[in-house]
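Top line first, the protein sequences correspond to chains A and B. If you read the first sequence in my numbering, its first letter stands for residue 373, the second for the next number, and so on. If you read the second sequence in my numbering, its first letter stands for residue 373, the second for the next number, and so on. Backbone N, C-alpha and C fix where the C-beta goes; we use that ideal spot for every residue, glycine too. Quantities reported herein were computed from a predicted structural model and do not represent experimental measurements. First the structure, in the form of structure tokens, and then the observations on it.
Number of protein chains: 2
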Amino acid sequence: MSDFAAWTQACQARMESVLAAWLPPAHIAPQRLHEAMRYAVLGGGKRVRPLLAFAAGEVAGADPERVQHAAAAVELIHAYSLVHDDMPAMDDDALRRGKPTVHVEFDEATALLVGDALQSLAFDILASQPLAADAATQLNMVQVLAQAAGSRGMAGGQAIDLASVGKPLDLTELEFMHIHKTGALIRASVLLGAQCGTVTDATTAALDHYAKCIGLAFQVVDDVLDAEAPTATLGKTAGKDAANNKPTYVSLLGVARARELAQELRADAHAALDKLGAPAARLRQLADFVVERTF
Amino acid sequence: MSDFAAWTQACQARMESVLAAWLPPAHIAPQRLHEAMRYAVLGGGKRVRPLLAFAAGEVAGADPERVQHAAAAVELIHAYSLVHDDMPAMDDDALRRGKPTVHVEFDEATALLVGDALQSLAFDILASQPLAADAATQLNMVQVLAQAAGSRGMAGGQAIDLASVGKPLDLTELEFMHIHKTGALIRASVLLGAQCGTVTDATTAALDHYAKCIGLAFQVVDDVLDAEAPTATLGKTAGKDAANNKPTYVSLLGVARARELAQELRADAHAALDKLGAPAARLRQLADFVVERTF
Chain A
373 MSDFAAWTQA CQARMESVLA AWLPPAHIAP QRLHEAMRYA VLGGGKRVRP LLAFAAGEVA
433 GADPERVQHA AAAVELIHAY SLVHDDMPAM DDDALRRGKP TVHVEFDEAT ALLVGDALQS
493 LAFDILASQP LAADAATQLN MVQVLAQAAG SRGMAGGQAI DLASVGKPLD LTELEFMHIH
553 KTGALIRASV LLGAQCGTVT DATTAALDHY AKCIGLAFQV VDDVLDAEAP TATLGKTAGK
613 DAANNKPTYV SLLGVARARE LAQELRADAH AALDKLGAPA ARLRQLADFV VERTF
Chain B
373 MSDFAAWTQA CQARMESVLA AWLPPAHIAP QRLHEAMRYA VLGGGKRVRP LLAFAAGEVA
433 GADPERVQHA AAAVELIHAY SLVHDDMPAM DDDALRRGKP TVHVEFDEAT ALLVGDALQS
493 LAFDILASQP LAADAATQLN MVQVLAQAAG SRGMAGGQAI DLASVGKPLD LTELEFMHIH
553 KTGALIRASV LLGAQCGTVT DATTAALDHY AKCIGLAFQV VDDVLDAEAP TATLGKTAGK
613 DAANNKPTYV SLLGVARARE LAQELRADAH AALDKLGAPA ARLRQLADFV VERTF
């Protein structure tokens, strides 16, 4: 196993236990809600956002014992968005991470409440123990996550996505949507990981640019995989974008040019890290991972 | 107009402008989401939770310029819960505050995202400017609100409520549900208002007991009104609890005993304030208001 593969596995295992510890036990009332929250979060997922937080934490000299909680908060926001996104009123999807979606396995009302409660838990975690050098920085972390999740971040991106179904978006509009829908939370992952340690403004700016490139690359690759990979590999329903007549990088650019664009974004992401030296090694590897992944 | 009526009107007007300023303008993208967020929050509501926050702030000598932001955060959590609660997967209600509910006026997907984005905005507000004596206290305010909103608070209460439809709950189980469903956020309103100022542990304990009594009284009165008041007065569909075969204080105790219970809870709430003297005058009046209201 490569050093990077071992690191990602270790981070993923750590996140599984951190998330399992934060999620209320399924035997505590309301049991069905807690069972469904655990079902939605545990036992799957690439944990890309936590990996980014840990890698950014290395640049900032942050203690992983702190980063893991910030990473859990970001991952819970991501997990809640998937639960709500899969519901009949949104994407109406029955499969996620190779398992029935929450509203299929439980019911719609439970899925709604699972998402709501996971969002609350994310902010509970960010506020519940020292994660940064001082409380003022940590309060800023709360704000960073809240804005990334909100109507001018992820939730806003979902709204733009919904409004775009069947519409001929151009590349600028598609990018605008993705900067909100997935980019905002990926950016927050990197920034929160760094805020657990100490960084200069110049480093923050570099990390921010890196995160923007990675966020878009992630989406471009997602679109390529949705168009090309079989459902069994993805663990979610493939070919949904085309079936829903959703604009994607593939529908706008074709597969070949979309693949090229992902490579260009990777190069930009690497360039943003140029001045950060050895501590940014994991972030460089993550840029490669995001672009080269097949699931 | 009584002094208390003038105070509530002033607080309500202040909240309307504070909330209007925090909510993203409807001309900023995504416009439809922002329009729906403003529709869900502005132009109605008794603002009971903000009133409690302002009144608790008076006990703590808190600056109303600070309390108003904490109050806005709590009110946004309340507003998001109403939007999600009204959706077809939950209570399936078409009328709220005398207007069509968000999923009726807009659509279900928008209602889902409105609720999600309002919750994020609540935490954004709590973290965005100094509200307490120090940042550590303010971080604790984030935690208080997150826990009140989450699976062991309001969202958990909704789950217990859903699971109880058609079941013969006893009084203890009904109280357990309401302590979560409405009590947790009412408690948070009082605590957050106080945390904007300075209070002793003994005062916090007294406020906490007051809040618990008020929260239950609020629900008991809600059940009485649902059973007795016409829809036009309530601004929401009356008689829904009986129609849905939901256990209520009225179905368990009858109207007469439920009214008595509300009076007993008011007396308990007043007693909890005994040692707090004149600064607790508004909290006393609010206990009266909660029990005597007809809408």
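Look at residue 468 of chain A here: in three-state DSSP terms it is strand. With a cutoff of 9 Å on beta-carbon distance, residue 414 of chain A and residue 430 of chain A are scored as not near each other. DSSP, read as helix, strand or coil, puts residue 458 of chain A in coil. The beta strand (DSSP E) runs lying completely inside the region 474–510 of chain A and spanning 3 residues or more number zero. Leaving aside the five residues that flank residue 510 of chain B on each side, the residues in its chain whose CB is nearer than 6 Å to its CB run, in chain order, 503 and 504.
Collapsing the DSSP output to three states places residue 627 of chain B in a helix.
For residue 647 of chain B, the three-state secondary structure derived from DSSP is helix. Interface residue (Cβ-Cβ distance to chain A less than 9 Å): residue 480 of chain B is classified as such. For residue 527 of chain A, at least one C-beta of chain B is nearer than 9 Å to its own C-beta. Between residue 516 of chain A and residue 560 of chain A, the C-beta spacing is below 9 Å. Sequence-distant partners of residue 652 of chain B (beyond 5 residues in either direction) whose C-beta falls short of 6 Å from its own C-beta, in its chain, are 431 and 645. Annotation: the continuous alpha helix (DSSP H) that includes residue 585 of chain A extends over 573–600. Against residue 404 of chain A, the close residues of chain B are 531 and 535, in the order they occur along the chain (beta-carbon pairs closer than 7 Å). Within chain B, the residues whose beta carbon sits less than 8 Å from that of residue 524 of chain A are 396 and 400, listed in sequence order. Per DSSP, reduced to three states, the secondary structure at residue 537 of chain B is coil, with no helix or strand assignment. At a cut-off of 9 Å between C-beta atoms, residue 452 of chain A counts as an interface residue with respect to chain B. Taking C-beta separations shorter than 6 Å and ignoring five residues to either side along the sequence, the partners of residue 563 of chain A in its chain run 516, following chain order. Just so you know, the alpha carbons of residue 383 of chain B and residue 481 of chain B end up roughly 33 Å apart. Linking residue 468 of chain B to residue 581 of chain A through their CA atoms gives a straight-line distance of about 44 Å. For residue 414 of chain A, the three-state secondary structure derived from DSSP is coil. The DSSP-derived three-state label of residue 531 of chain B is helix. Secondary structure at residue 522 of chain A: coil, using DSSP grouped into helix, strand and coil. In the three-state reduction of the DSSP assignment, residue 401 of chain B falls in the coil class, being assigned neither a helical nor a strand state.
Straight through space, the alpha carbons of residue 542 of chain A and residue 408 of chain B are spaced by roughly 26 Å.
Residue-level contact by beta carbon holds for residue 514 of chain B and chain A, with a gap shorter than 9 Å. Rounded to the nearest angstrom, the gap between the Cα atoms of residue 439 of chain A and residue 476 of chain B is 42 Å. Interface criterion not met: the Cβ of residue 387 of chain A is under 9 Å from no Cβ in chain B. Contact between residue 419 of chain B and residue 447 of chain B is confirmed by a C-beta separation of about 6 Å, below the 8 Å threshold. Distance from residue 537 of chain B to residue 617 of chain B at the Cβ level is roughly 6 Å; contact confirmed, criterion being Cβ atoms closer than 8 Å. Against chain A, a Cβ distance below 7 Å from residue 461 of chain B picks out 480, 481 and 484. The Cβ of residue 417 of chain A sits no closer than 9 Å to any Cβ of chain B. Contact note: residue 456 of chain B reaches chain A through 484 and 488, using a C-beta cutoff of 7 Å and chain order.
Your pair residue 544 of chain B and residue 590 of chain B does not check out as a contact, with CB atoms roughly 18 Å apart and the cut at 8 Å. Rounded to whole angstroms, residue 596 of chain B and residue 546 of chain B show a C-alpha spacing of 15 Å. The beta carbons of residue 474 of chain A and residue 458 of chain A sit closer together than 9 Å.
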